[in-house]
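Here the protein sequences line up with chains P and U, keeping their order.
Our numbering applies: residue 3 is where the first sequence begins, and numbers increase by one.
Our numbering applies: residue 3 is where the second sequence begins, and numbers increase by one.
All C-beta atoms in this analysis are idealised placements derived from N, C-alpha and C, irrespective of residue type, glycine included.
This structure is a prediction, so every number in the text was calculated from the model and none was measured.
Notes for the one structure printed next.
Number of protein chains: 2
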Amino acid sequence: MAVGDLQKTVGRNLRTYRLQRGLSQEAFADLLGVHRTYMGGIERGERNLTLKSLERIAEQIGVDPRELMTPRD
Amino acid sequence: MAVGDLQKTVGRNLRTYRLQRGLSQEAFADLLGVHRTYMGGIERGERNLTLKSLERIAEQIGVDPRELMTPRD
């Protein structure tokens, strides 16, 4: 695993979560109380999130932060 | 789970890892290529680590970053 993979996995999982609920990036960003462009950066795996930011997001959507860090299929 | 718990869990797990190997904070910091005071802050759960920093540390000690985030008994 290379450094940076974790934020990419988190981004992909958040995107999957959002799409499964049929939400736009904007609606999802609103839901999480963050800016749409910031959320876009997270989904693309470009944001080097802190543990606290990850915790806040995970808490707001009711998932375990470690689950967001786990690659799917 | 409250925001900030994750960094406390990571800190506790790193301290356990270090003590199990009989390393001083200084030796452990050297091993990880970080400063001793920075490492002390991480162990005390005071550092809001980024995912990349967590990945680097986990990689250097050969553990899964998610394992470092998992509370032990």
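Query raised in the report: Which bits of chain U does residue 5 (chain P) rub up against, with CB to CB less than 8 Å?
Result: Here residue 5 (chain P) is taken as the residue at index 3 of the first sequence, counted from 1. Ordered by position in chain U, the residues that pass the 8 Å Cβ test against residue 5 (chain P) are 54, 57, 58, 61.
Query raised in the report: What span of residues does the alpha helix (DSSP H) with residue 49 (chain P) cover, start to end?
Result: As a first step, residue 49 (chain P) is located in the first sequence; it is residue number 47 there, counting from the start. Note, residue 49 (chain P): premise wrong, no alpha helix (DSSP H); not H, not E.
Requested in this report: For residue 24 (chain U), count neighbouring Cβ atoms within 10 angstroms of its own Cβ and tell me buried if that reaches 16, exposed if not.
Outcome: Position 22 of the second sequence holds residue 24 (chain U). Classification of residue 24 (chain U): exposed, given that the 10 Å Cβ count is below 16.
Report task. For chain P, find out if any of its Cβ atoms is closer than 7 Å to the Cβ of residue 34 (chain U); answer yes or no. Result -> Within the second sequence, numbered from 1, the residue matching residue 34 (chain U) stands at position 32. No, no contact with chain P.
Query - Cα-Cα separation between residue 56 (chain U) and residue 67 (chain U), rounded to whole angstroms - result: By 1-based counting over the second sequence, the position of residue 56 (chain U) is 54. By 1-based counting over the second sequence, the position of residue 67 (chain U) is 65. Roughly 6 Å between the two C-alpha positions.
Query raised in the report: Nearest to residue 9 (chain U) by alpha carbon, out of U:61, U:60, U:65, U:51?
Result: Mapped onto the second sequence, residue 9 (chain U) falls at position 7. Looking from the CA of residue 9 (chain U), the closest CA among U:61, U:60, U:65, U:51 belongs to U:51.
Query raised in the report: Among the residues of its own chain, which have a CB less than 6 Å from the CB of residue 74 (chain P), if the five just before and after it don't count?
Result: Your numbering for residue 74 (chain P) matches position 72 in the first sequence. Cβ within range, chain order: n/a, list empty.
**Report entry** Proximal residues of chain U, C-beta to C-beta of residue 8 (chain P) below 8 Å
**Finding:** Numbered from 1 along the first sequence, position 6 holds the residue referred to as residue 8 (chain P). Under the 8 Å cutoff, chain U gives 53, 54, 56, 57, 67.
Query raised in the report: Going along the chain, which unbroken runs of the alpha helix (DSSP H) with 4 or more residues stay wholly within the region 14-40 of chain P?
Result: 27-34
**Report entry** Proximity test, Cβ basis, 7 Å: residue 104 (chain U) and chain P
**Finding:** With chain U covering only 3 through 75, there is no way to say anything about residue 104 (chain U).
Requested in this report: Taking residue 72 (chain P) as the query, report the chain U residues whose CB atoms sit under 8 Å from its CB, ordered along the chain.
Outcome: Here residue 72 (chain P) corresponds to residue number 70 of the first sequence, with the count starting at 1. 68, listed in chain order.
Query raised in the report: Cα-Cα, which of P:6, P:42, P:19, P:40 is closest to residue 69 (chain P)?
Result: Within the first sequence, residue 69 (chain P) is the residue found at index 67, counting from 1. Comparing Cα-Cα distances from residue 69 (chain P) to each of P:6, P:42, P:19, P:40, the minimum goes to P:19.
Query raised in the report: Applying the criterion that 16 or more other CB atoms from any shown protein chain within 10 Å of the CB defines a buried residue, is residue 29 (chain P) buried or exposed?
Result: For the purposes of this step, residue 29 (chain P) is taken as the residue at position 27 of the first sequence. Exposed, since its Cβ has fewer than 16 Cβ neighbours within 10 Å.
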